[in-house]
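Comments concern the structure below.
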Amino acid sequence: MIPPDDTLIEIEGPRGQMWTVAGEGQWDQGVALADEEAGTDFDGMFDVPTTALYNSTAFQIGADFDGIREDKYDFVLAFEIEPANGLTVAQVDSLFRTSFSFKRDSKIWVTANKSRRHLPVRLGGKPRIKSNNDPNSEKGLRALMPLVGRYPRWIEAPQPSSFYTETDTTGGGTETGYVWIDNPLPEDYDAWPIWEVQASYEGVTVKLPDYSFGSDLHERAEEDALRKVPLAPLHLGEHLRITTDPMSMGGQYNTATKSEYAGRMNGLRFMYPIPGGTPRQQVPITVTGAPKNTRIRVTVPREWPRPWGMDE
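Counted from 1, the sequence shown has number 298 at position 298 by UniProt numbering; the numbering is strictly sequential.
What follows is the structure, given as structure tokens:
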């Protein structure tokens, strides 16, 4: 698999240094992405390394699906390096090498059609140089970078949706507003929304949607079709961020004041992701005890299994 002709590929180093290696501007800094014959593993950076898991009993005919396991990306990119901007090939190679690290992330940026995505990568082994003679005397050389993408997703900037209250409910009453959600990824790729609630007044109370979208993950697909989670009242300034992904290292509930908000939720959690293929739609939010212009925002991550495509 090779990039489409109109694709722009860039390397961003740990310190923010940028290199255009394919597409308009390649060679401007003396570096260009090499082809597959030269060592670039385009297939390795394409679909996520995935294994379907199946289990069966001793005498079962066939097997039962038991999920999928996704491994890290592990591939090699080859780069052709030439003198540029008054620098020798050895100097260009030296500068380019500093754009990759074993300990800090670099980013491979891919811009194609209407999308721009990046994959965080680190060096997975010793970079190799291919040169006929002493690199300092050569007019060109080839560098092969073994890379690891420990989080196997090509990340695209999401499109947050916000609702601002239009009435003052600090003296009583409720207001219902709406935000937009969707998940254009393929069927196999769920998206866990991130909610942010502004604690603009003492006692702001919000009820957020947590729809099952037909998922039988908790064997409550029908009962939770329109599930809503009532949040515990917020203290003034206790702005709340809810990361619904159960694999989140920091837990679901985090506040600006580092309070023990999860304890006030008494074990109530968000349970469902937005499945791949979910069309753009509005979902309701209910707010009580908030002044005008209190903001509730939802962000649905867009993390793709490929550097381009799948968004037509």
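Where is the CB? At the ideal position from N, CA and C, for every residue including glycine.
Residue i - containing beta strand (DSSP E), residue span
{"i": "Tyr73", "result": "73 to 81"}
{"i": "Phe163", "result": "161 to 164"}
{"i": "Arg264", "result": "Where Arg264 is concerned, there is no enclosing beta strand (DSSP E), although the alpha helix (DSSP H) it sits in stretches over 261 to 264."}
{"i": "Ala52", "result": "50 to 55"}
{"i": "Pro146", "result": "141 to 149"}
{"i": "Val31", "result": "31 to 33"}
{"i": "Asp155", "result": "Sequence inspection shows Ile at residue 155; the Asp mentioned does not correspond to that position. It spans 154 to 156 - the beta strand (DSSP E) in which Ile155 sits, taken as one unbroken run."}
{"i": "Ala22", "result": "18 to 22"}
{"i": "Arg69", "result": "64 to 70"}
{"i": "Arg241", "result": "240 to 243"}
{"i": "Asp6", "result": "No beta strand (DSSP E) contains Asp6, which DSSP labels as neither H nor E."}
Environment of residue i [buried if 16+ CB atoms lie within 10 Å]
{"i": "Lys107", "result": "buried"}
{"i": "Phe102", "result": "exposed"}
{"i": "Ala32", "result": "buried"}
{"i": "Trp308", "result": "buried"}
{"i": "Phe270", "result": "buried"}
{"i": "Pro273", "result": "buried"}
{"i": "Trp154", "result": "buried"}
{"i": "Lys99", "result": "Rather than Lys, the amino acid found at residue 99 in this sequence is Ser. Counting Cβ neighbours within 10 Å, Ser99 comes out buried, since at least 16 surround it."}
{"i": "Ala112", "result": "buried"}
{"i": "His218", "result": "exposed"}
{"i": "Gln60", "result": "exposed"}
CB-CB length for residue i against residue j, believed under 8 angstroms
{"i": "Arg264", "j": "Ala232", "result": "4 angstroms"}
{"i": "Thr294", "j": "Ser200", "result": "4 angstroms"}
For residue j and residue i, the rounded distance between their alpha carbons
{"i": "Arg280", "j": "Val206", "result": "23 angstroms"}
{"i": "Asp182", "j": "Val48", "result": "22 angstroms"}
{"i": "Leu95", "j": "Gly140", "result": "15 angstroms"}
{"i": "Val89", "j": "Pro146", "result": "21 angstroms"}
{"i": "Met1", "j": "Asp311", "result": "Below a pLDDT of 50, predicted positions are generally treated as unreliable, and Met1, at 48, falls in that range; no measurement from the model is reported."}
{"i": "Gly149", "j": "Gly203", "result": "43 angstroms"}
{"i": "Leu144", "j": "Thr299", "result": "37 angstroms"}
Short CB-CB distance (under 9 angstroms) between residue i and chain D
{"i": "Asp43", "result": "Structure shown: chain D not included; a single protein chain is present."}
- [ ] Give, in chain order, every unbroken run of the beta strand (DSSP E) that is at least 3 residues long and sits entirely within the stretch 73 to 132.
- [x] 73 to 81, 106 to 112, 115 to 123, 128 to 130
- [ ] List in chain order: all unbroken beta strand (DSSP E) runs of 3+ residues lying wholly within the stretch 247 to 309.
- [x] 253 to 255, 278 to 288, 295 to 299, 302 to 304
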